[in-house]
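A.B. asks: Got a structure here, written out as structure tokens. Questions coming.
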Amino acid sequence: MNRIEVENLNGYFDDAHILKDINIKIPNNSVTALIGPSGCGKSTFIRTLNRMNDLISGFRHDGAVYLDGADIYDPKIDVVDLRKRIGMVFQKPNPFPKSIFDNVAYGLKVHGITEKDIIKERVEESLKAAALWDEVKEKLDKSAMGLSGGQQQRLCIARTIAIEPEVILMDEPCSALDPISTTKIEDLIHKLKNDYTIIIVTHNMQQATRVSKHTSFFLHGEIVESNLTERMFLEPEDKRTEDYITGRFG
Amino acid sequence: MNKKLGEYLIEKGLFITAIFSIIIILLIFAFVFREGLPIFQDFGVLNFIFGMEWAPSDGQFGVFTMIIGSLCITLLALIMAVPLSLLCAIFMAEIAPSGMRKILKPVIETLAGIPSVVYGFFGLIVMVPLIRVQFGGTGFSMLSASIILTVMILPTIISVSEDAMRSIPHEYKEASLALGATQWQTIKNVIFPASVPGIITAIILGMGRAIGETLAVIMVAGNVTQIPQSIMDPVRALTSNIALEMGYATGLHYNALFGTAVVLFIMIMVLLVIANYYHYKKKVVIGGGYL
Ligand SMILES: Nc1ncnc2c1ncn2[C@@H]1O[C@H](COP(=O)(O)OP(=O)(O)OP(=O)(O)O)[C@@H](O)[C@H]1O
Ligand SMILES: [Mg+2]
Chain A
93 MNRIEVENLN GYFDDAHILK DINIKIPNNS VTALIGPSGC GKSTFIRTLN RMNDLISGFR
153 HDGAVYLDGA DIYDPKIDVV DLRKRIGMVF QKPNPFPKSI FDNVAYGLKV HGITEKDIIK
213 ERVEESLKAA ALWDEVKEKL DKSAMGLSGG QQQRLCIART IAIEPEVILM DEPCSALDPI
273 STTKIEDLIH KLKNDYTIII VTHNMQQATR VSKHTSFFLH GEIVESNLTE RMFLEPEDKR
333 TEDYITGRFG
Chain B
-14 MNKKLGEYLI EKGLFITAIF SIIIILLIFA FVFREGLPIF QDFGVLNFIF GMEWAPSDGQ
46 FGVFTMIIGS LCITLLALIM AVPLSLLCAI FMAEIAPSGM RKILKPVIET LAGIPSVVYG
106 FFGLIVMVPL IRVQFGGTGF SMLSASIILT VMILPTIISV SEDAMRSIPH EYKEASLALG
166 ATQWQTIKNV IFPASVPGII TAIILGMGRA IGETLAVIMV AGNVTQIPQS IMDPVRALTS
226 NIALEMGYAT GLHYNALFGT AVVLFIMIMV LLVIANYYHY KKKVVIGGGY L
């Protein structure tokens, strides 16, 4: 089963044609990696999946994105509800300047959960799932801004999984992290993949092979190749993919 | 060597400029205090501050009614201006399309630059008669003064708090929306709390302008030295007192006007200290992460 299907998606910032005729199918409960050189449109692409680009005034698109068969750009779709179903972890850790607890509780509160016990329980579960609980359980009421970059990123992941989305978009979640934090996040992805559909953008080929089942290679706004990850890295079909993954350009 | 000398001169030059402005302010203070001193000595500090009667020809110099007058019109103006300006700032920073904002912002900043006599004149010609017709009385009242002050401080509060809201990192907003919060929830729970220090600054600036405003208040407030029983009663502000009588005051009366300035100065200091304390506390709290 495919959770997300993208058909002939084109994206533009004003006159710049950034996403060119993207077609991709994202299967259920598995990890899909997006790789490609800087500036090729990976972030722009995943931001179209939860309609984050709607916030940017110069952005236009055509083509269709289906979530469980329903077009997410259909005017009848409620964007707020869509974003509840498709969570996102940003390239740069962006915790709120609130306490650690409030960061994780935020999504629950805006979705109308008011019972203190339920919130407390969910915050704890989410922080445990994000492998952060042991480091912060003593200081839940301290500012999230006082955490290290890696802890902040795991907090952002905890915040996202607290609202139990169906899909999690991760835009280079480890780009600013040390190897230990990176390992923790990869372990987390392994744990999450049974319950969630995960799309991860990464510059790190090893990471793609370690965490993902499928990989798509982006270049200049196009998808050059999509394949099972092991296949793509062992025997790429396209010359450009081969050049990229062997480090000959990019 | 030359470079070092240049650095030295620039550093000292900046230091002297900074010191110079402080010295000028201190000199003004010293002058005002010196000129006001006789009234405190001859009439008594408590008599002066808490005296209910201001009758220079009878040797009565109590400014309490004016302290209350100044506080009342400032407070009432803030009560009206703060909610209005915050809503307006939220609209401009978060909701208005960028084209509309490009028109609104300069218009509001121009409003801040209009001389107070223009506002006062408008109040005198339009507001006072309107209040007289609608609510009775003379129309010269605390309400008139507060409404004029509200209009005068709106632009300052709007503009400064709007800047504060717009300077909140875009990432916070994205994070909130990506969690499925609505736009209003995002404003209420993320953008607004994060801009509280800037909003407090905006309110301090507005308050400073309101309590120090003289001309517009003189023109509409009625300037009677009494404790207002209702917002329809005329009041006299401390600033008005100085401006109204400076022209002909001599002797102790002259000192009493400087005494009024001293009281005004101390009041503004106290308000600033309170406001800054809150500002500082909020900042620290935000630094500590509780918003
Ligand atoms: N808000 C924007 N307005 C205009 N152009 C943009 C905007 N955001 C991105 N672009 C352009 O779109 C192109 C793709 O950017 P995008 O951020 O999607 O790249 P990326 O693949 O995520 O790169 P990286 O790996 O460096 O994060 C770039 O050429 C960029 O200049
Ligand atoms: Mg990117």
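First to last, the protein sequences are chains A and B.
Each residue of the first sequence is one higher than the one before, starting from 93 at the first, in my numbering.
Each residue of the second sequence is one higher than the one before, starting from -14 at the first, in my numbering.
All C-beta atoms, glycine included, are put in the ideal place defined by N, C-alpha and C.
Buried or exposed: where does B/Phe33 fall if 16 or more other Cβ atoms within 10 Å of its Cβ makes it buried?
C.D. replies: Residue 33 of chain B sits at position 48 when you count from the first residue of the second sequence. Buried, since its Cβ has 16 or more Cβ neighbours within 10 Å.
A.B. asks: Give a yes or no on whether the C-beta atoms belonging to B/Ala78 and B/Arg151 are separated by under 8 Å.
C.D. replies: Position 93 of the second sequence, counted from the start, is the residue given in the question as residue 78 of chain B. Position 166 of the second sequence, counted from the start, is the residue given in the question as residue 151 of chain B. Yes, they are a contact pair.
A.B. asks: Whole angstroms are fine: how far does the CA of A/Thr301 sit from the CA of A/Ser317?
C.D. replies: Here residue 317 of chain A refers to the residue found at position 225 of the first sequence. Here residue 301 of chain A refers to the residue found at position 209 of the first sequence. Per the sequence shown, residue 317 of chain A should be read as Glu rather than Ser. In a straight line, the C-alpha of A/Glu317 is about 15 Å away from that of A/Thr301.
A.B. asks: Quick check: is the beta carbon of B/Tyr265 nearer than 8 Å to any beta carbon in chain A?
C.D. replies: Locating residue 265 of chain B in the second sequence gives position 280, counting from the first residue. Cβ-Cβ to chain A under 8 Å: no for B/Tyr265.
A.B. asks: What do you get for B/Gln26, buried or exposed, if any count of 16 or more other CB atoms within 10 angstroms of its CB means buried?
C.D. replies: Residue 26 of chain B sits at position 41 when you count from the first residue of the second sequence. Label assigned to B/Gln26: exposed.
A.B. asks: Grouping DSSP H, G and I as helix and E and B as strand, with all else coil, what is A/Phe151?
C.D. replies: As a position in the first sequence, residue 151 of chain A is number 59, starting the count at 1. Correct three-state label for A/Phe151: strand.
A.B. asks: Compare the Cα-Cα distances from B/Thr135 to each of B/Ile253, B/Leu115 and B/Tyr104 and report the closest residue.
C.D. replies: In the second sequence, counting from the first residue as 1, residue 135 of chain B sits at position 150. Comparing alpha carbon positions, the residue from B/Ile253, B/Leu115 and B/Tyr104 closest to B/Thr135 is B/Tyr104.
A.B. asks: My understanding is that A/Ile292 touches A/Met324, with C-beta atoms under 8 Å, so please give their C-beta distance in whole angstroms.
C.D. replies: By one-based count along the first sequence, residue 292 of chain A stands at place 200. By one-based count along the first sequence, residue 324 of chain A stands at place 232. Going by Cβ atoms, the distance from A/Ile292 to A/Met324 rounds to 15 Å, so no, they are not a contact pair.
A.B. asks: Is B/Gln170 near ligand 2, in the sense that its beta carbon is under 7 Å from a heavy atom of that ligand?
C.D. replies: One-based indexing of the second sequence puts residue 170 of chain B at position 185. Answer for B/Gln170: no, Cβ out of range of ligand 2.
A.B. asks: Out of B/Gln170, B/Val67 and B/Thr210, which one is the CA nearest neighbour of B/Gly54?
C.D. replies: Taking the first residue of the second sequence as 1, we reach residue 54 of chain B at position 69. B/Gly54 has its Cα closest to that of B/Thr210, out of B/Gln170, B/Val67 and B/Thr210.
A.B. asks: Of all the options B/Gln214, B/Asn(-13), B/Glu94 and B/Ile176, which has the alpha carbon lying nearest to the alpha carbon of B/Ala149?
C.D. replies: Mapped onto the second sequence, residue 149 of chain B falls at position 164. Among B/Gln214, B/Asn(-13), B/Glu94 and B/Ile176, the Cα nearest to that of B/Ala149 belongs to B/Ile176.
A.B. asks: Residues of chain B with CB closer than 9 Å to the CB of A/Phe182, please, in chain order.
C.D. replies: As a working mapping, residue 182 of chain A is identified with position 90 in the first sequence. Within 9 Å Cβ-Cβ: Glu156, Glu159, Ala160 and Ala163.
A.B. asks: Taking a cut-off of 7 Å, which residues have a beta-carbon closer than that to any heavy atom of ligand 2, in chain order?
C.D. replies: A/Lys134, A/Ser135, A/Gln183, A/Asp263, A/Glu264 and A/Val293
A.B. asks: Find out if the Cβ-Cβ distance for the pair A/Phe137, A/Leu147 is shorter than 8 Å.
C.D. replies: Your numbering for residue 137 of chain A matches position 45 in the first sequence. Your numbering for residue 147 of chain A matches position 55 in the first sequence. No. Outside cutoff.
A.B. asks: What span of residues does the beta strand (DSSP E) with A/Lys112 cover, start to end?
C.D. replies: Locating residue 112 of chain A in the first sequence gives position 20, counting from the first residue. Ala108 to Pro119 is the span of the beta strand (DSSP E), which, as asked, contains A/Lys112.
A.B. asks: Enumerate in chain order the residues of its own chain whose CB-to-CB distance from A/His203 is below 8 Å, with the five nearest sequence positions on each side excluded.
C.D. replies: The count along the first sequence starts at 1 and reaches residue 203 of chain A at position 111. Cβ within range, chain order: Lys176 and Ile255.
A.B. asks: With distances taken between CB atoms, is the gap from A/Leu320 to A/His306 smaller than 8 Å?
C.D. replies: Taking the first sequence and counting its residues from 1, one reaches residue 320 of chain A at position 228. Taking the first sequence and counting its residues from 1, one reaches residue 306 of chain A at position 214. Against a cut-off of 8 Å, the Cβ pair of A/His306 and A/Leu320 comes out as a contact.
A.B. asks: Assuming B/Met51 and B/Leu237 form a contact by the criterion Cβ under 8 Å, report the distance between their Cβ atoms to the nearest whole angstrom.
C.D. replies: One-based indexing of the second sequence puts residue 51 of chain B at position 66. One-based indexing of the second sequence puts residue 237 of chain B at position 252. Rounded to the nearest angstrom, the Cβ distance from B/Met51 to B/Leu237 is 17 Å, too far for a contact under 8 Å.
A.B. asks: Just to confirm, are B/Gly108 and B/Ile143 a CB contact at a threshold of 8 Å?
C.D. replies: In the second sequence, the residue the question calls residue 108 of chain B occupies position 123. In the second sequence, the residue the question calls residue 143 of chain B occupies position 158. No, the pair does not count as a contact, with Cβ atoms beyond the cut-off.
A.B. asks: Label A/Lys134 either buried or exposed according to how many other C-beta atoms from any shown protein chain fall within 10 Å of its C-beta, with 16 as the threshold for buried.
C.D. replies: To locate residue 134 of chain A, count along the first sequence from 1; it is residue 42. The residue in question, A/Lys134, is buried, as its Cβ has 16 or more Cβ neighbours within 10 Å.
A.B. asks: Give the residues of chain A in contact with B/Val175, contact being defined as C-beta atoms less than 7 Å apart.
C.D. replies: As a position in the second sequence, residue 175 of chain B is number 190, starting the count at 1. Per Cβ cutoff of 7 Å: Phe188.
A.B. asks: What I want to know is whether the C-beta of A/Gly161 ends up closer than 7 Å to one or more non-hydrogen atoms of ligand 1.
C.D. replies: On the first sequence, position 69 is the one that residue 161 of chain A refers to. Checking the Cβ of A/Gly161 against ligand 1 gives no.
A.B. asks: Could you check whether the Cβ of A/Gly53 sits closer than 7 Å to any heavy atom belonging to ligand 1?
C.D. replies: Here chain A covers residues 93 to 342 and nothing more, so residue 53 of chain A does not appear.
A.B. asks: So if I threshold CB-CB distances at 9 Å, which residues from the region 167 to 193 of chain B count as touching chain C?
C.D. replies: The structure shown has no chain C; the protein chains it does contain are A and B.
A.B. asks: How about A/Gly339: is its Cβ closer than 7 Å to a heavy atom in ligand 1?
C.D. replies: Stepping through the first sequence from its first residue, residue 339 of chain A is reached at position 247. Not so, every heavy atom of ligand 1 lies at least 7 Å from the Cβ.
A.B. asks: Name the chain B residues that come within less than 8 Å of A/Asn142, Cβ to Cβ?
C.D. replies: Residue mapping note: residue 142 of chain A aligns to position 50 of the first sequence, counting from 1. Under the 8 Å cutoff, chain B gives Ala163.
A.B. asks: Would you list the residues sitting across from A/Met262 in a DSSP beta bridge?
C.D. replies: Residue numbering aside, residue 262 of chain A sits at position 170 when the first sequence is read from its first letter. Note: A/Met262 sits in a beta bridge opposite A/Val181 and A/Ile292.
A.B. asks: Which same chain residues, not among the five before or five after B/Leu200, have their C-beta less than 8 Å away from its C-beta?
C.D. replies: Counting from one through the second sequence, the residue named residue 200 of chain B turns up at place 215. Counting only Cβ-Cβ distances below 8 Å, and skipping sequence neighbours, we find Ser101, Val102, Gly105 and Ala228.
A.B. asks: Could you name the residues of the same chain whose beta carbon sits closer than 6 Å to that of B/Ala187, not counting the 5 residues immediately before and after it, in chain order?
C.D. replies: Here residue 187 of chain B refers to the residue found at position 202 of the second sequence. Within the same chain, B/Ala187 has close Cβ partners Ile142, Val145 and Ser146.
A.B. asks: For B/Leu200, report the span of its alpha helix (DSSP H) as first-last.
C.D. replies: The residue given as residue 200 of chain B occupies position 215 in the second sequence. Run containing B/Leu200: Leu200 to Ala206, per the alpha helix (DSSP H) assignment.
A.B. asks: Mind pulling the chain B residues with CB within less than 8 Å of A/Thr199?
C.D. replies: Taking the first sequence and counting its residues from 1, the one referred to as residue 199 of chain A is at position 107. Per the sequence shown, residue 199 of chain A should be read as Gly rather than Thr. Chain B residues near A/Gly199: Leu164, Gly165 and Ala166.
A.B. asks: For the region 81 to 103 of chain B, which residues have a beta carbon sitting closer than 9 Å to at least one beta carbon of chain A?
C.D. replies: For the region 81 to 103 of chain B, the set of positions with a beta-carbon nearer than 9 Å to some beta-carbon of chain A reads Pro82 and Ser83 in chain order.
A.B. asks: Is the distance from the Cβ of A/Lys112 to the Cβ of A/Glu327 below 8 Å?
C.D. replies: Taking the first residue of the first sequence as position 1, residue 112 of chain A is located at position 20. Taking the first residue of the first sequence as position 1, residue 327 of chain A is located at position 235. A/Lys112 places its beta carbon 8 Å or farther from that of A/Glu327.
A.B. asks: Got a sec, what are the start and stop residues for the beta strand (DSSP E) A/Ala125 sits in?
C.D. replies: Numbered from 1 along the first sequence, position 33 holds the residue referred to as residue 125 of chain A. A/Ala125 -> beta strand (DSSP E) spans Val123 to Ile127.
A.B. asks: Can you tell me which of the three DSSP states A/Glu213 falls into?
C.D. replies: Working through the first sequence from its first residue, we reach residue 213 of chain A at position 121. It is helical.
A.B. asks: What residues in the region 252 to 263 of chain A bring their beta carbon closer than 9 Å to a beta carbon of chain B?
C.D. replies: The residues in question are Thr252, Ala254, Ile255, Pro257 and Leu261.
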